[in-house]
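In my numbering, the protein residues as written are 7 to 645.
Glycine included, every Cβ here is placed at the ideal spot set by N, Cα and C.
Bear in mind the structure is a predicted one, so any value in this text is a computation, not a measurement.
Comments concern the structure below.
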């Protein structure tokens with residue numbers, strides 16, 4: 007049993023008073039009973055809304071509890087035979103954090119009381135399923151008429167009257183500290199009556215401002231309450247304390263996934279510059295960005311809690327990966343999620359440019375009419391040159407071949423050609439062969455101005471040129487010169503060396519108003535399908551890392567796909583890749599006679615990542631000694 011030391015040195019009991027509706031469960035039980043009892047009635051929705059409004063007014067203290075209860079029961083028209091369906095429904099609506107912490111409820115059942123203005127008939131089956139004692143449940147009881155309809159409640163029960171919860175606690179005469187956990191004003195009244203040491207406003211399911219402002223502490227989950235009081239819990243660190251910062255309009259599904267996990271999520275629409283990000287990143291554990299926000303070494307110096315960065319895009323050149331690795335920050339991206347969208351844009355632009363559709367369309371908007379085949383060609387039989395043959399380049403080659411094009415590619419990495427695609431020995435060879443050139447390289451610094459005056463001079467006269475990869479790869483003055491000289495007769499550019507941070511800034515470029523040039527605002531991967539895919543993919547990787555320690559898919563960490571953690575504690579040790587770290591860790595485990603359930607190690611050039619699953623019983627000194635090993639970068643504990 008959990009105890010605390012009193013001022014006179016004697017063990018003092020601590021008691022936990024827990025509300026039921028919207029605390030132990032996610033819902034108000036009488037609201038759910040109304041959904042069941044009113045089935046088939048034409049005014050069902052209106053009556054349910056009335057019941058919920060009365061519930062909220064009573065829980066916020068706007069009307070008395072007794073008045074709230076009388077009004078709701080009068081609207082329900084419920085029958086005894088409908089209670090089993092209610093109980094079955096509530097069994098599936100137990101609050102997530104209570105389900106996670108069944109062990110706490112079971113181990114401390116002698117000190118836990120459920121005090122609710124709800125009804126024993128449905129509360130007892132729910133709470134006893136998680137180990138709470140039935141004789142520690144204090145609640146109202148229904149009164150039924152001769153036909154079994156709920157006619158009211160027992161007026162002799164103190165919980166049927168205003169101030170009833172305080173009266174129950176007074177009658178219990180608890181000798182020790184009393185902590186109250188609840189979402190309603192009646193829970194706060196226990197504290198206001200001087201019968202509790204602290205009131206925790208529970209907000210996992212509902213947040214009532216009038217209740218929160220009265221609380222000694224806000225508990226977004228039971229995990230937070232247990233963490234605040236250093237009590238045994240299912241999570242090593244409450245997720246409500248994990249702050250997520252999402253920038254640049256990431257897809258709403260990503261926000262939803264993080265919020266479902268119980269994280270504290272902050273959203274900002276645009277990109278942030280370095281100073282703005284330094285200010286915003288303090289106390290952030292998970293950072294989500296797209297392509298315009300630069301995560302520099304200077305930013306990372308101020309990221310005191312940052313564990314992982316998610317790039318909601320393909321590229322990661324906007325992130326200082328070396329600095330992240332040195333600080334033990336895992337980086338993930340979405341290498342495949344928007345591939346199809348980029349390929350479709352490339353194909354569409356190739357056809358538009360080779361047919362000279364853009365100038366003809368512009369002329370018609372001005373009233374002109376040029377019905378001719380001049381400078382209009384089919385793509386069939388044309389030679390497409392791909393600079394870069396990664397995920398996008400390979401898929402583009404397949405689609406282009408299906409349209410009858412001859413495809414050539416150049417990549418610095420040896421790649422297997424798909425279909426009839428042919429590999430060129432050098433970039434120069436490819437530039438000289440292709441009728442259409444499309445860039446699909448990564449954003450490494452070495453690729454800056456990969457295509458400049460010299461490269462344009464090697465191309466065929468009348469070439470079609472596309473850059474849907476990275477803005478700094480193309481020397482813009484050289485491209486402008488090639489267009490003005492007719493070397494390039496059509497260009498599609500989606501990325502630029504300097505891009506507006508928000509949609510409100512003006513786009514400035516020497517490419518504006520040039521003939522047969524399609525300019526798009528970095529939207530190669532901006533389709534609803536692609537953004538939804540990215541919005542699901544990247545959070546999944548970040549959550550796997552936070553919740554399980556898995557790094558599969560990380561662009562800078564050793565990749566490990568870990569099994570789910572069961573019946574053990576998981577120790578995650580990130581360190582500089584020097585010899586002897588694993589031996590030092592295992593010597594600590596041996597010293598304290600710790601049983602190892604599983605151990606995993608992987609390294610890259612810079613760091614090593616050791617995951618050890620151990621039996622739950624071990625001394626606190628173990629963690630401190632593991633943290634104290636020389637060359638330790640970061641240590642985390644999961645359970």
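In the three-state DSSP reduction, residue 172 falls in the helix class (H, G or I).
Beta-bridge pairing by DSSP links residue 315 to 293 and 337.
Pairwise C-beta distances place the region 524-539 out of contact with the region 567-577, as fewer than three of them are shorter than 8 angstroms. When secondary structure is reduced to three states using DSSP, residue 641 falls in the strand class. For residue 367, the enclosing alpha helix (DSSP H) begins and ends at 363-371. Under the three-state reduction of DSSP, residue 619 is assigned to strand.
In this structure residue 254 is in contact with residue 276, their Cβ atoms being roughly 7 angstroms apart against a cut-off of 8 angstroms.
Under the 10 Å beta carbon count, residue 513 is surrounded by fewer than 16 other beta carbons and is classified as exposed.
In the assembly as shown, residue 226 is a buried residue. Its beta-carbon has 16 or more other beta-carbons within 10 Å. For residue 605, the pairing in a beta bridge is given by DSSP as 618.
Residue 119 counts as buried, since no fewer than 16 other beta carbons sit within 10 angstroms of its beta carbon. 566 is the residue among 566, 596, 600 and 602 whose C-alpha sits nearest the C-alpha of residue 610. With respect to residue 522, residue 382 sits apart: the two C-beta atoms are not nearer than 7 angstroms. The three-state reading of DSSP puts residue 635 in coil, since its state is none of H, G, I, E or B. Annotation for residue 93: 128, 131 and 132 place their beta carbon closer than 8 angstroms to its own, counting only its chain and skipping 5 residues before and after. Contact annotation: the region 37-45 touches the region 72-89, with at least three C-beta pairs closer than 8 angstroms. Under the three-state reduction of DSSP output, residue 237 falls in the coil class, being neither helix nor strand. Between the beta-carbon of residue 401 and that of residue 346 there is about 7 angstroms, and that keeps the pair under the 8 angstroms contact cut. For residue 582, the enclosing beta strand (DSSP E) stretches over residues 575-582.
Comparing alpha carbon positions, the residue from 259, 398, 296 and 426 closest to residue 546 is 259. In the structure shown, the three-state DSSP call for residue 275 is coil. Here DSSP, grouped into helix, strand and coil, assigns residue 517 to coil. C-alpha of residue 139 to C-alpha of residue 220: approximately 29 angstroms in a straight line. For the set 427, 616 and 107, the Cα lying nearest the Cα of residue 639 is the one of 616. Inter-residue distance for residue 336 and residue 290 is about 14 angstroms (C-alpha atoms, whole angstroms). Rounded to the nearest angstrom, the Cβ distance from residue 187 to residue 231 is 6 angstroms, consistent with a contact under 8 angstroms. Contact annotation: residue 21 and residue 168 have beta-carbon atoms that are not nearer than 7 angstroms.
Beyond the five residues adjoining it in sequence on each side, residue 608 comes within less than 6 angstroms, by CB distance, of 564, 566 and 615 in the same chain, given in chain order.
Within the DSSP bridge table, the entry for residue 74 names no partner. Assignment of beta-bridge partners to residue 498 by DSSP yields 472 and 524. Under the Cβ criterion (8 angstroms, minimum of three pairs), the region 459-479 does not count as touching the region 414-424. Under the three-state reduction of DSSP, residue 183 is assigned to strand.
By the neighbour-count criterion, in which 16 or more other beta carbons inside 10 Å mark a residue as buried, residue 557 falls on the buried side.
If you draw a straight line from the Cα of residue 458 to the Cα of residue 498, it is about 16 angstroms long. The count of Cβ pairs closer than 8 angstroms, one atom from the region 325-339 and one from the region 299-307, reaches three, so the stretches are in contact. Taking C-beta separations shorter than 7 angstroms and ignoring five residues to either side along the sequence, the partners of residue 325 in its chain run 301, 315, 317 and 337, following chain order.
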